[in-house]
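Residue numbers (this note's numbering), protein chains in the order written: chain A, 2 to 415; chain B, 2 to 415; chain C, 2 to 415; chain D, 2 to 415.
Heads up, the thing below is written out as structure tokens.
Number of protein chains: 4
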Amino acid sequence: MTRRAIDETLARYRAVRAQTVALAAPLAVDDQLAQSMPDASPTKWHLGHTTWFFEKMVLETFVSAYRPHRPDAAFTFNSYYESLGDRRPRAERSLSTRPTLDEAHAYRRAVDEAIAALSIDDAERALPRLEVGIQHEQQHQELVLTDVKSVLAPQGVAYVERTAERDAGTAPLRFEPFDGGLVEIGNAARDGFAFDNERPRHRVWLDPFAMGSRLVTAGEWLAFMEAGGYDDPALWLSDGWATKKAHGWRAPCYWRESPGGGWIEATMAGERAVVPSVPVCHVSYYEADAFARWSRARLPSEAEWEHALGGIAVGSNLLESGAFHPRAADAHAPIAQARGDAWEWTASPYAPYPRFVPFDGTLAEYNGKFMCNQFVLRGGSCFTPGSHLRPTYRNFFPPDARWQMSGVRLARWR
Amino acid sequence: MTRRAIDETLARYRAVRAQTVALAAPLAVDDQLAQSMPDASPTKWHLGHTTWFFEKMVLETFVSAYRPHRPDAAFTFNSYYESLGDRRPRAERSLSTRPTLDEAHAYRRAVDEAIAALSIDDAERALPRLEVGIQHEQQHQELVLTDVKSVLAPQGVAYVERTAERDAGTAPLRFEPFDGGLVEIGNAARDGFAFDNERPRHRVWLDPFAMGSRLVTAGEWLAFMEAGGYDDPALWLSDGWATKKAHGWRAPCYWRESPGGGWIEATMAGERAVVPSVPVCHVSYYEADAFARWSRARLPSEAEWEHALGGIAVGSNLLESGAFHPRAADAHAPIAQARGDAWEWTASPYAPYPRFVPFDGTLAEYNGKFMCNQFVLRGGSCFTPGSHLRPTYRNFFPPDARWQMSGVRLARWR
Amino acid sequence: MTRRAIDETLARYRAVRAQTVALAAPLAVDDQLAQSMPDASPTKWHLGHTTWFFEKMVLETFVSAYRPHRPDAAFTFNSYYESLGDRRPRAERSLSTRPTLDEAHAYRRAVDEAIAALSIDDAERALPRLEVGIQHEQQHQELVLTDVKSVLAPQGVAYVERTAERDAGTAPLRFEPFDGGLVEIGNAARDGFAFDNERPRHRVWLDPFAMGSRLVTAGEWLAFMEAGGYDDPALWLSDGWATKKAHGWRAPCYWRESPGGGWIEATMAGERAVVPSVPVCHVSYYEADAFARWSRARLPSEAEWEHALGGIAVGSNLLESGAFHPRAADAHAPIAQARGDAWEWTASPYAPYPRFVPFDGTLAEYNGKFMCNQFVLRGGSCFTPGSHLRPTYRNFFPPDARWQMSGVRLARWR
Amino acid sequence: MTRRAIDETLARYRAVRAQTVALAAPLAVDDQLAQSMPDASPTKWHLGHTTWFFEKMVLETFVSAYRPHRPDAAFTFNSYYESLGDRRPRAERSLSTRPTLDEAHAYRRAVDEAIAALSIDDAERALPRLEVGIQHEQQHQELVLTDVKSVLAPQGVAYVERTAERDAGTAPLRFEPFDGGLVEIGNAARDGFAFDNERPRHRVWLDPFAMGSRLVTAGEWLAFMEAGGYDDPALWLSDGWATKKAHGWRAPCYWRESPGGGWIEATMAGERAVVPSVPVCHVSYYEADAFARWSRARLPSEAEWEHALGGIAVGSNLLESGAFHPRAADAHAPIAQARGDAWEWTASPYAPYPRFVPFDGTLAEYNGKFMCNQFVLRGGSCFTPGSHLRPTYRNFFPPDARWQMSGVRLARWR
């Protein structure tokens with residue numbers, strides 16, 4: 002049985018690793034080396050970092066004879082692990098011209114071969130770490146796309162060709178009632194893999210509430226803009242108002258005003274006019290919160306979200322199915338009540354669950370140390386690998402982040 | 002009965018207003034005009050701002066014939082009310098040389114006289130706003146002290162003379178067990194005045210926990226320092242570690258290393274050697290959180306805090322009793338199990354309670370718009386007016402703030 | 002004769018010291034404690050710094066029994082002398098609440114008494130340093146006025162009452178021809194006191210040139226503004242254009258657009274409409290240079306200036322004569338061909354003259370270390386003590402400085 | 002004769018264009034896309050910018066039927082020409098992932114073909130602009146090397162292989178006397194091509210001086226370091242001292258302390274121990290000036306430099322001869338009295354010569370608008386194309402620049 006588990010894991014390892022490379026394939030070399038801002042990383046860095054993660058967490062830990070493939074990988078590809086030594090400052094990742102992109106691919110292949118050559122004994126001991134590494138690489142697959150979008154979008158460059166897009170219209174927004182009470186959220190051990198921050202499963206008291214039946218659409222956002230939502234400080238958090246002013250925000254990220262009137266959005270399939278029926282995306286927490294206040298509603302807490310939406314079927318998955326195409330990827334087909342169009346800002350600051358226990362050892366730095374100054378997003382986006390669309394998954398970003406696929410779902414008290 | 006309520010309120014008005022002036026009395030004019038950093042304000046500004054608050058919220062609102070005492074007060078003394086027009090940027094408050102300090106006192110007297118001259122009818126309508134104004138002024142009394150401490154401490158200047166200080170020793174730290182369960186926190190309407198952010202009273206589920214019997218002491222903090230607590234990133238939140246490095250923190254704010262060894266603390270009675278038995282103070286959330294992790298404990302949530310400590314007797318009050326003196330003010334006499342030595346960082350991000358409703362009108366900006374990027378502190382400090390030491394009171398500051406009287410109480414899971 | 006020299010110097014010492022105090026007299030205490038920006042200093046700081054200068058350079062150097070009046074003066078009032086130990090960072094001068102303003106005056110009196118009590122022997126040895134100290138204090142008299150103007154002007158507060166102002170009209174601008182050739186500039190030893198940077202007298206080759214007969218007027222500046230001078234990058238230095246955009250400059254400092262049209266200028270006598278006939282003032286080097294280019298002219302070099310204008314009679318002096326009043330101080334009466342209305346930007350970067358020798362000892366830091374990234378201004382302003390209006394005097398400021406009394410004179414090649 | 006001039010110019014065009022491509026050949030694609038800091042540019046940008054320069058200044062100006070090769074080239078490759086429209090901010094040049102490097106080479110080829118296809122008439126009219134474009138491209142050849150060195154050096158990556166290096170020892174430093182007097186400097190029209198900033202030839206008065214016989218060596222710099230030169234503020238300009246502290250400078254750029262003692266220098270041939278006999282390089286003006294003061298000498302003015310060294314034979318040229326190799330390129334073989342090892346900081350702020358006339362039209366922005374806040378460097382470096390080593394050539398950089406090949410020659414008064 003262990004043998005089967007190992008085989009199954011290694012098969013997923015190969016598939017996930019190949020998928021990352023496939024995601025980079027449509028890009029020019031130049032696109033893969035640019036870093037648009039400190040928060041985003043070059044594609045090359047993602048390719049290397051995920052590889053370094055397996056090398057450091059699996060090969061160097063469990064294979065006594067293993068020697069690192071490159072001495073400079075630890076400095077170049079360590080993201081934020083203080084316990085693993087010096088690393089290049091985050092804002093300077095594009096300055097690591099070595100390893101080159103070709104060398105980064107050679108690094109990937111060398112580590113893949115070493116993983117394939119794991120002895121049964123080593124593989125068995127490494128199994129939990131292999132699993133974390135696979136999940137970790139899937140997280141970075143989404144980041145490859147969001148980060149490169151921040152490079153391509155301002156240049157109006159497309160990642161894929163646009164296919165025909167049918168505007169299905171927008172279903173009316175309903176607020177579904179929930180009684181709340183003493184509910185349970187979080188991931189139980191029996192549920193299979195989860196990150197440490199999803200656990201333990203625990204009780205939460207919820208007052209009665211109502212949850213929006215779908216995400217807020219671009220058309221509804223246009224109404225907010227036309228109503229002066231970006232100009233009324235009464236709608237905004239104080240920090241949000243200051244941030245909005247400092248950056249001159251007037252619309253979601255990647256929107257620009259058309260010289261002929263109307264708004265144009267940069268998508269992964271290039272620029273097109275904003276489509277009113279699709280979920281709005283690339284808004285910050287501050288904007289989502291202001292929109293909710295303008296709507297005489299609020300953002301849901303993550304417990305409300307998980308209680309109300311945890312059982313809902315997810316949207317069609319893109320990365321996993323290989324069906325990654327512009328309509329799906331970035332055109333936000335209107336899929337009522339589905340998780341997986343855009344990440345949904347919640348009103349919950351990112352904090353540990355009661356009795357939270359971080360991963361062991363080095364991996365203790367994986368999630369816990371970021372539980373401050375961020376907000377939880379739930380659901381998943383059209384960039385998210387399908388197996389990550391689980392109900393208990395907690396994504397998190399600072400309230401001013403806009404380059405992720407972040408949208409809005411409303412909630413209300415009953 | 003309304004007449005009695007009015008008389009009672011006006012009597013408290015006079016007492017509180019006089020107390021603010023009394024707090025400034027020991028200061029040189031120079032001390033009252035300096036602004037140590039954007040977060041802190043000059044004493045003169047506090048004197049004017051609290052006065053402007055009454056003028057704007059009471060006199061201009063309820064007295065039709067009232068004309069503002071000075072045309073420049075609105076620009077100079079508006080703190081953050083977007084709905085009330087342009088205002089001087091926060092960081093430049095010391096550049097308002099007009100009104101002068103003398104003129105600010107004249108402004109106070111003019112507004113006090115106008116309040117004293119309120120008709121019964123006006124006073125009755127204004128009563129809730131008068132109450133908010135009084136509570137507001139009391140909040141600024143504490144800020145007068147914390148802000149001027151940030152001016153005096155680096156210069157080694159005393160605000161009061163030191164009286165004999167007896168080191169009472171430190172009681173052993175016990176962790177008192179609590180069963181938790183479905184509990185209620187928050188302020189109910191019948192409890193008298195409360196700020197909007199304390200309401201409504203609502204249910205929260207608490208897992209069983211244990212609460213520290215007293216605040217962490219300076220002696221315990223020294224042990225943390227000697228154990229390398231400031232040098233071990235594994236103890237710190239990621240943002241905390243970056244903040245610590247950027248500022249070069251090695252000890253609480255206002256501590257400096259003595260040339261002859263040991264540590265010296267600047268208190269309101271001037272500098273003295275750190276007293277191990279008194280509660281540590283002037284630490285940021287980041288430091289409090291790192292200390293808790295080093296202690297194999299954690300910070301309590303605000304619900305745990307209120308549930309466990311809400312019924313505990315508070316320490317001797319200082320501002321209210323007129324007994325403000327150095328021992329009490331800033332030497333932190335060890336008072337086991339008392340609220341009121343130092344504000345206690347909780348692990349709770351500052352967020353609205355379920356069904357939170359902001360104050361009406363302009364006062365909607367009082368609390369709600371700050372519910373982001375801050376943490377709740379509970380309890381109160383030796384600078385806090387006694388009537389503010391209520392169990393439901395929610396203080397809040399960003400996690401890097403150190404100039405407030407902020408200390409640490411530990412908690413644990415059971 | 003030495004005795005007479007000592008008596009004469011001490012008499013000037015008393016007069017100059019009294020003049021500084023007199024300059025502060027019209028100000029509120031609050032005005033004297035504010036620091037508008039890092040480049041400007043509070044009046045209190047000037048009062049203390051000039052005193053510390055005499056204490057450190059004269060009393061501590063030549064009077065063996067002298068003990069510093071206050072231990073904190075060295076930290077508080079040292080401006081930039083690296084050789085004299087730690088000092089408060091320049092940007093934080095308003096945070097020195099001690100010494101208080103009263104204590105600063107007590108400090109002045111104590112040092113004045115110690116200077117008055119100098120023995121003949123000590124005074125004789127100290128004579129050159131006394132002279133430097135007097136000249137130094139006079140330099141700070143001008144800074145007291147320019148720095149406090151930067152506090153008062155944005156508040157629309159007057160330093161003096163306005164007296165009747167007669168618009169004398171503007172003389173036509175002529176360009177007076179000069180042959181140039183091998184000329185001498187700089188201060189010769191026989192000329193009496195000069196700063197080290199004015200020496201030695203040395204030869205310079207000048208091509209034939211023509212010098213403007215008077216300063217550029219506010220009316221001419223308005224024409225530049227109306228012609229789009231602030232919007233045409235072709236007129237500006239690259240650094241100047243970037244600076245202009247960063248600060249949003251559209252007019253000289255202290256000018257603001259009137260709601261009813263036209264421009265209003267904040268002067269030391271309060272605000273008034275811009276008077277077209279008076280010299281424009283409070284412009285940066287960048288603006289002066291752009292104006293000159295727009296005028297198909299250029300700024301003169303300092304050698305041209307000194308050669309052409311060194312023999313011209315100066316304007317009526319203000320500080321010295323006691324006749325300091327609004328017309329003179331800041332209303333710039335049109336005085337054709339007079340030095341002393343406003344400092345005149347030259348095209349000369351501030352650099353040492355050939356064979357420059359700094360002052361001895363500590364005073365080596367007085368001028369030489371600033372010979373970088375600044376431009377020389379010549380002439381003097383209505384704020385300048387009359388004895389400083391000598392032809393060889395070199396004032397210097399960075400090219401973006403606008404809070405000094407800096408104006409424009411044009412020159413051309415022949 | 003015009004035909005011959007055209008042919009000669011086009012032959013040089015081809016040679017220079019090919020040389021730029023050859024300089025990039027040893028680099029990985031990754032190296033060519035990185036931007037180490039706002040001041041430096043990616044190699045790809047240099048390849049594109051020099052091409053855009055010919056397209057804009059020659060083809061679009063003189064060939065009526067010419068259409069730009071790429072619509073995005075103007076935005077991407079305009080360096081600083083305000084008159085030519087919007088452009089990517091300098092600090093973000095690495096974010097232009099399109100054109101890709103391949104497309105940039107295609108752009109080069111397309112423009113080269115259009116230049117080759119110029120009609121005789123167009124070529125004749127364009128001849129002066131072609132010449133400027135060639136000279137301009139040669140300037141960028143040096144920048145390709147200095148900018149990519151700033152990418153490679155911190156990574157310890159070599160651009161070329163090191164060849165044997167013979168330490169020839171250091172000739173004693175002599176100070177050669179010059180009488181000065183009324184001399185002429187600057188470029189006369191008959192001297193062939195020169196940039197506008199080198200003209201006109203004009204008279205300058207020089208006091209008698211003495212000029213160092215060779216550049217300061219790394220060994221002499223080590224002595225300065227060991228004598229505490231970086232720790233003594235008395236040696237430094239005020240701005241220099243502040244800059245030094247802010248950056249933590251302790252040695253020239255690209256030097257690092259060896260774990261085993263001694264200093265290591267990153268050169269274009271990789272890292273090696275500092276060689277005492279070669280000229281020191283990569284020092285800022287501030288450091289050069291401090292070194293000179295420590296040496297009881299000074300930096301020469303540019304007029305002194307040109308008068309004393311204008312007739313001296315230059316060192317072996319590297320770029321032009323094709324003999325670019327590590328010894329020559331970056332190991333600074335000791336060549337006494339030769340120009341061309343390293344650029345030499347002068348004490349002269351970069352300013353226009355008397356009667357300076359900028360190039361016509363768009364090219365007016367080429368040099369003149371930068372005549373502020375910079376210092377002139379003379380001579381040339383081992384990275385400089387040989388034909389640029391002319392005696393009147395004026396290079397210029399801000400005083401804190403260290404990534405250029407900037408060294409030190411001393412001078413003294415006689």
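Where is the CB? At the ideal position from N, CA and C, for every residue including glycine.
Assumed close pair residue i, residue j - CB separation to whole angstroms, cut-off 8 Å
i: E305/A; j: L207/A; result: 6 Å
i: T98/D; j: A154/A; result: Not quite, the Cβ-Cβ distance comes to about 11 Å (not below 8 Å), so this is no contact.
i: F194/A; j: Q136/A; result: 6 Å
DSSP beta-bridge partners of residue i
i: S407/D; result: W344/D
i: L236/D; result: L236/D is not bridged to any residue.
i: A66/B; result: A66/B is not bridged to any residue.
i: I265/C; result: R257/C and A274/C
i: L207/D; result: G182/D
i: T218/D; result: P280/D
Collapsed DSSP secondary structure at residue i in the structure displayed
i: T244/D; result: helix
i: T98/B; result: coil
i: G182/B; result: strand
i: V149/C; result: helix
i: S349/D; result: strand
i: S322/C; result: Unreliable placement is indicated for S322/C, whose pLDDT of 40 sits below 50; no coordinate value is reported for it.
i: W250/C; result: coil
i: A339/C; result: At A339/C the pLDDT is 42, less than 50, meaning the model places this residue with poor confidence; the figure from the coordinates comes in the next sentence. In the structure shown, A339/C sits in coil (DSSP, three-state: anything other than H, G, I, E or B).
Residues of its chain near residue i, where Cβ-Cβ distance is below 6 Å and the 5 sequence neighbours each way are ignored
i: N318/D; result: In this prediction, N318/D scores a pLDDT of 41, lower than 50, which makes its location untrustworthy; no coordinate-derived value is stated.
i: G241/A; result: Y287
i: G323/A; result: Below a pLDDT of 50, predicted positions are generally treated as unreliable, and G323/A, at 41, falls in that range; no measurement from the model is reported.
Residue closest to residue i, alpha-carbon to alpha-carbon, out of the options
i: S382/C; options: L128/C, G312/C, V409/C and F292/C; result: V409/C
i: R4/C; options: C254/C, R126/C and A235/C; result: R126/C
i: A365/A; options: R130/A, A289/A and A298/A; result: R130/A
i: T52/A; options: Q139/A, T101/A, G193/A and Y108/A; result: Y108/A
Close-in-space but distant-in-sequence residues of the same chain around residue i (CB under 7 Å, 5 per side omitted)
i: E258/A; result: W264
i: A416/C; result: Coverage of chain C is limited to positions 2 through 415, which leaves residue 416/C absent and any answer about it impossible.
Any non-hydrogen atom of the ligand PLP closer than 8 Å to residue i Cβ
i: D148/A; result: Questions concerning the ligand PLP fall outside what the structure shown contains, since it holds no ligand whatsoever.
Same chain, Cβ closer than 8 Å to residue i, neighbours up to 5 away in sequence not counted
i: E185/A; result: R202, H203, R204 and V205
i: V30/D; result: L102
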